[in-house]
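Asks:
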Ligand code: ADP
Ligand code: ASP
Ligand code: MG
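Residue numbers (this note's numbering): 1 to 410.
1. Using CA coordinates, which residue listed in 139, 72, 166 and 71 is at the minimum distance from residue 222?
2. Need the endpoints of the alpha helix (DSSP H) that residue 278 sits in, please.
3. How long is the line joining the alpha carbons of residue 284 and residue 22, rounded to whole angstroms?
4. Using CA atoms only, rank isn't needed, just tell me which of 381, 13, 376 and 307 is closest to residue 46.
5. Ignoring anything shorter than 3 residues, give me the beta strand (DSSP E) runs that lie fully in the segment 95–143, in order along the chain.
6. Taking the alpha carbon of residue 122 as the point to measure from, which residue in 268, 4, 304 and 32 has its own alpha carbon closest?
7. I want to check one thing, is the minimum distance from the CB of residue 110 to the heavy atoms of the ligand MG below 7 Å?
8. Does residue 314 pass the burial test, meaning 16 or more other C-beta atoms within 10 Å, or should it be called exposed?
9. Within a Cβ cutoff of 6 Å, which residues of the same chain sit near residue 110, ignoring the five residues on either side of it in sequence?
10. Taking the alpha helix (DSSP H) that residue 86 belongs to, which residues open and close that run?
11. Between residue 77 and residue 163, what straight-line distance do the alpha-carbon atoms span, to the nearest angstrom?
12. When the Cα atoms are used, what is the spatial distance from residue 18 to residue 74?
13. Once DSSP output is grouped into helix, strand and coil, what is the label at residue 8?
14. Pull up the CB-CB distance for residue 480 and residue 229, whole angstroms please, since I reckon it's below 8 Å.
15. Please state the DSSP three-state secondary structure of residue 192.
16. Just mark residue 370 as buried or exposed, buried being the case when its beta carbon has 16 or more other beta carbons within 10 Å.
17. Among the residues of its own chain, which have a CB less than 8 Å from the CB of residue 350, if the five just before and after it don't count?
18. When you compare the CB positions of residue 215 and residue 134, do they come within less than 8 Å of one another, or not?
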């Protein structure tokens, strides 16, 4: 008998009919002799609806109250799923994050899990019950409800699997695995049988929302066997593996990730001497704004300019901070641009291949797409381009790196 943690995402529990279909599927796993813990998301669209309700009242609602509000979506689906399981004659119990005691820090809307009490879940499993747990939420040491960031139910599932030492964590969603890129943008994208944690981490951090980045971090850290599968179609899905043990030649590029959530800010005509970057980015970081790609340029008059990307939600705040800094530094101007997109090619095979970035730049140049910023690491190359070219860029890179061919064995 194995212990499986399964997570069903928003579209998979988006209607009462789908919740019943999920219940039927879980019953099948029980009948096959497995112990099952199920994590569910809110019905698709629900979390956004709740956020909009609060924003209709206040444009900067209190973060503690927001977590009380947006955690309710998952409380609905856990109860409905438990009821559906019971209708099938399957004993089941639902729990909120706080009832399980998924203890987190107090960083509302982006809390980190610190500890999970497994006693209650174990007792239910031993009594033959299916345990249904609300994703995306926890509780801090003072008893306040917290949430784990958008897409956080993935992290709940992986964390529960780690705490319970489950045999596998299965993430059921509306695609049948992890693809070379988002199949909604490139229909010729191919499902990968396996992808390494390292690559999946880069894909997630560069914008592939099929798995929340923290869930991949957790799975890597606690060596949780993780698989992405389709909720309602049979298939092997994609296994997220520790570094491949076979000697197979790796594809240079495994996937393409992209992100439309970022914006660029630039400060021009700043002095070129030590400490200036710190004077600019220090206050940005103090304002709790995360910075991603950074580029510095020099003008012929000896002055410098600095551009960096931030999340679009932080653009206004970043612009305000920068205006103050610009005045202090006597900078010429500051500009903001929210019509950019970030695009990255990812692959562990890049380590042993030169010229990958050049090939990427050529493919973009052939389509006349201007690259505004570049950043690289051992296993990825990221560029910032104008948003309107994003889909064209994804498709041309997908073709240039022959990703639709990659699973074929010659
Ligand atoms: P859920 O609600 O089940 O958590 P998400 O919408 O969060 O589902 O994640 C699944 C979606 O991720 C897919 O519908 C797909 O459009 C998108 N996606 C982005 N990049 C990829 C990728 N590389 N492989 C598969 N899906 C991807
Ligand atoms: N319901 C939450 C969200 O929409 C968490 C999740 O779906 O994983 O972000
Ligand atoms: Mg998701």
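Glycine is no exception: its CB is placed at the ideal position from the N, C-alpha and C atoms.
Replies: With the given structure in hand:
1. 166
2. 276–286
3. 45 Å
4. 13
5. 102–104, 113–116, 130–134 and 137–139
6. 4
7. no
8. buried
9. 149
10. 72–87
11. 23 Å
12. 15 Å
13. strand
14. The chain is shown from 1 up to 410; residue 480 falls before or after that span and cannot be answered.
15. coil
16. exposed
17. 252, 253, 356, 378, 379, 380 and 381
18. no
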